[in-house]
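Structure record follows, encoded as structure tokens.
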Amino acid sequence: MAGANLSPRQKMINMMYLVLTALLALNVSKEIIDSFITVNQGLENTKATFKSKMDATYATFQDRARENPAKYGAAWASAQEIQKLASGIVAHIDSLKGLVISETEGLPMEKVMGTDNGVDTVLDLSYVGKRDNYDVITDVLVGSEPGTPKDTKNSARQLKMMLEQFRDKVKAAAPEDPKLQASADRMFNFEDRKDAGGTMNNWESMNFYHVPLAAGVTALSRIQTDIRTMENELVAQMLGGVEQESFKFNKLTAITQPLSSYVTVGGTYRASIFLGAYDDQNAPEVIVGKVDSTSKPPTIIGEGKTLPMEGAKAIFEEPASSAGLKTVTGIIKFKPVGGELQVEPFKLEYEVAAPSLVVSPTKMNVFYRGVDNPVSISVAGYSASAIQPSMTNGSLSRSSDGYIVKPGSGNEAVVSVSVTNPDGTKKALPGVPFRVKNVPNPTPYFGTKGVNDNTIKKSELIATRGVLARMENFEFDLKFEVVGYTVSSTIAGNFLERPCSGAALSDDAKQMLERVKVGQKVFIENIKARGPDGTTRNLGALSFKVI
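To get this note's numbering, take the position in the sequence shown, counting from 1, and add 13.
Structure below.
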């Protein structure tokens, strides 16, 4: 049966078909069978009316797709697929009707099939003499076994498969219209059901097994009407769906949208200038907040901030409390007159630059080997993401606070920067040279005594455990590892030397120092230490008079 929104005439025809089908199950008279002629003629007229209506709809659709392919093109392509599929099935059903009438009456197909105003037609049932014949339509569409209908060319099972394909295509073309999908499921329901005798039966046999030719042909006409009805509903919905996406505005304003407010010498200023349309009598609602883009339509997570409006324009203000790239998200709600609420997300980005004074001490541009040299690199007018630095004689990598430079073996390194302009073009800026130096040597200490100390108490001498290497007045916190030294002194008139491996005194050196007398000198010589860069440094010597 046809779906919703049927005319009273169509509802009457459908009801007559149901009544006549029920009466046939009671083996009523030939006059009842002849009544199918009236029902079939009504269905044929309805089918022709739908065809004319659909032709006009398709013509409108095609004209709009030609005028605006970007807007209507995709929908028109889908509509053409539906048109081709529906027309193909309707033509196939006409051929089935012509086939069963031809074989029942013994007429050639050219006597049964014809055209009327360019539309395929089938011989009217009123001109069929054997319209109460059961055999031919049963043999052609079902076969001898109603429980297992045949699956051959021109069979009812083949027709069912075509109708199922059409139903599924309709549903796929209207994924967001549950009402239309439910109508398609009802209209093309092929589940087994009980016949007049209460026995479960399949769709093929229910409609075409051992039924008079007039009833079977009328059933086929009903299916054609259902196809045209569903086609009309779907294509009208597709065309209307495109139209609903159009908005009506009454004001135009010029809008200038620069790619960036910053332009450097040698760069290019680029902006989009276009007309913006709005309805000053129907302002939208603009809400700033975190957007849940997975919901349909998009929604604000938590609490949002509704912006004040000046006419149809929202005004956004935010204090620039910190430097860096700022991102603002939100949604715009707009309900066109006579339409449904529309919700669109938006994203706004802007850069906040802190005022800064840059003083470059050119004589102090130094990188040290073997350590991580932290560097801050920025270019006025460009965000950090638009800067691509590089360097010679070393490596440069990102860190949480900027960049880390590790220079190589050469005496100079040059840091260069390439920036990406808002229009996507790149520009190389002049490089900045840096001297590359080794980390200075650490200062050796024997306990707490250093190079500036000349004396040491006997108690301190005995208590000291070894030699240390300390970095003094240096910007980097570096650790040097003492790898060896020599301790010497004169004991009982003999000059003795005791080597030490590592920072700690050797046992031999400790025993020797315990024998040193007040007034004698102790020498710490050949002090060597290994730095974080892996190189071993000679730190010289220390000497103390024991007091």
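Ideal placement from N, C-alpha and C gives every residue a C-beta, glycine not left out.
CA-CA distance, Val535 and Gly444?
Position 522 of the sequence shown, counted from the first residue, corresponds to residue 535. Position 431 of the sequence shown, counted from the first residue, corresponds to residue 444. Using only the alpha carbons, I get a separation of about 53 Å.
Here's a check: name, in chain order, each residue in its chain whose Cβ is nearer than 6 Å to the Cβ of Asn539, leaving out the five neighbours to either side.
Looking up residue 539 in the sequence shown gives position 526. Cβ within range, chain order: Tyr498 and Thr499.
Within 10 angstroms of its Cβ, does Asn53 collect 16 or more other Cβ (buried), or is it exposed?
Start at 1 with the first residue of the sequence shown, and residue 53 comes out as number 40. Buried.
Going by DSSP, what residues sit across from Asp305 in a beta bridge?
Against the sequence shown, residue 305 aligns to sequence position 292. Per DSSP, the beta bridge partners of Asp305 are Thr312.
Roughly how many whole angstroms lie between the Cα atoms of Asn551 and Val365?
Counting from one through the sequence shown, the residue named residue 551 turns up at place 538. Counting from one through the sequence shown, the residue named residue 365 turns up at place 352. Asn551 and Val365: Cα-Cα distance of roughly 51 Å.
Quick check: Ala554 and Val496, are their CB atoms within less than 8 Å of each other?
Within the sequence shown, residue 554 is the residue found at index 541, counting from 1. Within the sequence shown, residue 496 is the residue found at index 483, counting from 1. With respect to the 8 Å criterion, Ala554 and Val496 are not classified as neighbours on the basis of their beta carbons.
Locate the beta strand (DSSP E) running through Gly553, then write down its first and last residues.
What you label residue 553 is simply residue 540 of the sequence shown in a count that begins at 1. Its beta strand (DSSP E) spans residues Thr549 to Val559.
Can you have a look at Asn486 and say buried or exposed, based on whether 16 or more other CB atoms are within 10 angstroms of its CB?
Residue 486 sits at position 473 when you count from the first residue of the sequence shown. Classification for Asn486: exposed.
Write down the C-beta distance between Met138 and Ile50 rounded to the nearest angstrom, noting that I regard them as a contact closer than 8 Å.
Taking the first residue of the sequence shown as position 1, residue 138 is located at position 125. Taking the first residue of the sequence shown as position 1, residue 50 is located at position 37. The question names Met, but residue 138 is Leu in the sequence shown. Leu138 to Ile50, Cβ: 5 Å. Contact.
For the stretch 90 to 172, list the beta strand (DSSP E) runs that are entirely contained and at least 3 residues long, ordered along the chain.
126 to 129 and 132 to 135
For Thr319 and Ser234, the rounded distance between their alpha carbons
As a first step, residue 234 is located in the sequence shown; it is residue number 221 there, counting from the start. As a first step, residue 319 is located in the sequence shown; it is residue number 306 there, counting from the start. For Ser234 and Thr319, the distance between alpha carbons rounds to 58 Å.
Across which residues does DSSP place Arg411 in a beta bridge pair?
What you label residue 411 is simply residue 398 of the sequence shown in a count that begins at 1. Among the bridge pairs identified by DSSP, Arg411 is matched with Tyr416.
According to the Cβ coordinates, are Val341 and Arg382 closer than 8 Å?
Sequence index remark: in the sequence shown, residue 341 carries index 328 (1-based). Sequence index remark: in the sequence shown, residue 382 carries index 369 (1-based). Result no, Cβ atoms of Val341 and Arg382 do not sit closer than 8 Å.
Could you check whether Lys264 and Asp239 sit closer than 8 Å to each other, using their CB atoms as the reference points?
Here residue 239 corresponds to residue number 226 of the sequence shown, with the count starting at 1. Here residue 264 corresponds to residue number 251 of the sequence shown, with the count starting at 1. No, the Cβ-Cβ distance between Asp239 and Lys264 is not below 8 Å.
Start and end residues, alpha helix (DSSP H) containing Pro191
Within the sequence shown, numbered from 1, the residue matching residue 191 stands at position 178. That run of the alpha helix (DSSP H) goes Pro191 to Met200.
Roughly how many angstroms lie between the CA atoms of Gly119 and Leu112, to the nearest whole one?
Taking the sequence shown and counting its residues from 1, the one referred to as residue 119 is at position 106. Taking the sequence shown and counting its residues from 1, the one referred to as residue 112 is at position 99. Cα-Cα distance, rounded: 10 Å.
Going by the CB atoms, is the gap between Val418 and Val388 shorter than 8 Å?
For the purposes of this step, residue 388 is identified with residue 375 of the sequence shown, where counting begins at 1. For the purposes of this step, residue 418 is identified with residue 405 of the sequence shown, where counting begins at 1. Result yes, Cβ atoms of Val388 and Val418 sit closer than 8 Å.
Would you mind giving the Cβ-Cβ distance between Leu98 and Lys182, rounded to the nearest angstrom? I have them listed as a contact below 8 Å.
By one-based count along the sequence shown, residue 98 stands at place 85. By one-based count along the sequence shown, residue 182 stands at place 169. That pair is a contact at about 6 Å.
If the criterion is Cβ atoms closer than 8 Å, does the pair Leu193 and Glu246 meet it?
As a first step, residue 193 is located in the sequence shown; it is residue number 180 there, counting from the start. As a first step, residue 246 is located in the sequence shown; it is residue number 233 there, counting from the start. In this structure, Glu246 lies closer than 8 Å to Leu193 by Cβ.
Which partner residues does Glu425 have in the DSSP bridge list?
Residue numbering aside, residue 425 sits at position 412 when the sequence shown is read from its first letter. Arg448.
Considering Phe221, what are the terminal residues of the alpha helix (DSSP H) in which it resides?
For this step, residue 221 is matched to residue 208 along the sequence shown. Trp216 to Phe221 is the span of the alpha helix (DSSP H), which, as asked, contains Phe221.
Ala232 - DSSP class collapsed to helix/strand/coil
Residue mapping note: residue 232 aligns to position 219 of the sequence shown, counting from 1. If DSSP states are grouped into helix, strand and coil, Ala232 belongs with the helices.
Residue closest to Ala69, alpha-carbon to alpha-carbon, out of Pro453, Val248, Thr266 and Phe447
Taking the sequence shown and counting its residues from 1, the one referred to as residue 69 is at position 56. By alpha-carbon distance to Ala69, the top candidate from Pro453, Val248, Thr266 and Phe447 is Val248.
Residues sharing a beta bridge with Tyr363, DSSP:
The residue you call residue 363 lines up with position 350 of the sequence shown. According to DSSP, which records beta bridges pairwise, Tyr363 is partnered with Lys339.
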